[in-house]
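All residue numbers for the sequence shown refer to the UniProt record's numbering, where the first residue is 1 and numbers rise by one.
Where is the CB? At the ideal position from N, CA and C, for every residue including glycine.
Okay, so here's the structure we're looking at.
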Amino acid sequence: MISSPCIADIDSIASFLRQAEQKVKILDYTEASEFYLKALLLNPNDKAVQARRLDVENMYTMDCNRYSGIAESYFNDGDYEKAVELYEKVVEMNCFNSELAARRIGVLQAKISSRQQRASVWTFEYGFKQALSVFLSVDIRISERAGIGAYRSIRMSSRRYRKIMRWLILR
């Protein structure tokens, strides 16, 4: 004989279902599934709750797959910052592939750090080279008060420029 839930159980079931739906609205599928499970423990024969719990688990799986797929796309496109954000979401959601996502986060953070270091070195070198080339090609006016009235410019070949740069960098 199938037993029907008592009044207290019905109130608890209604509360669990409300909480589950609130969790679904904020995309917290794990918590929602747990509330549906609590409702099913009180009334295991409720087909609607069983179906809704299955729907929520499917939504969770679809979200995990979507975040992972988009993260992979960003990874393959070289947009590592966005890929890290989505992989972190996969780990936060505790998806089935969260271990892979955690490893990818480590790899990507190393790549981002390396990229930033290269960019800062390049910026320093580029800025330094620009400043040096401006300094070396600055036109020097000899004072007209001295009556000379000449106009001079310091120029050099690119080979000499590279030698000076190597010497300055190696100092």
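Neighbourhood of residue i by C-beta, 7 Å cutoff - its chain only, sequence neighbours within 5 removed
i: Ile13; result: Pro5, Ala39, Leu42 and Asn43
i: Arg52; result: Tyr36
i: Gln22; result: none
Residue interval of the alpha helix (DSSP H) (run including residue i)
i: Met93; result: Looking at the DSSP string, Met93 is not in any alpha helix (DSSP H), and its letter there is neither H nor E.
i: Leu40; result: Tyr29 to Leu42
i: Asn65; result: Lys47 to Asp77
Pairwise C-alpha distance: residue j and residue i
i: Leu86; j: Arg115; result: 19 Å
i: Ile105; j: Arg159; result: 44 Å
i: Ser98; j: Phe35; result: 23 Å
i: Gln19; j: Ala32; result: 7 Å
i: Ile10; j: Ala48; result: 15 Å
i: Gly78; j: Ala101; result: 16 Å
i: Lys163; j: Glu72; result: 44 Å
i: Gln109; j: Ser15; result: 43 Å
i: Ile7; j: Gln50; result: 21 Å
Nonlocal neighbours in the same chain, by C-beta distance under 6 Å from residue i, ignoring five residues either side
i: Phe75; result: Ala83
i: Ser95; result: Checking the sequence, you will find Cys at residue 95 rather than Ser. The residues are Cys64.
i: Val138; result: Since pLDDT at Val138 reaches only 41, below the 50 mark, its modelled position is unreliable, and no value is offered.
i: Leu17; result: Ala39
Among the options, the one whose alpha carbon lies nearest that of residue i
i: Met59; options: Lys163, Lys25 and Glu99; result: Lys25
i: Leu27; options: Glu92, Ser113, Tyr80 and Ile164; result: Glu92
i: residue 172; options: Lys89, Leu54, Arg53 and Ile164; result: What the structure shows of the chain is the stretch from 1 to 171, and residue 172 is not part of that stretch, so it cannot be assessed.
i: Ser113; options: Ala48, Tyr80, Leu17 and Arg18; result: Tyr80
i: Leu54; options: Gln109, Tyr29, Arg103 and Ser15; result: Tyr29
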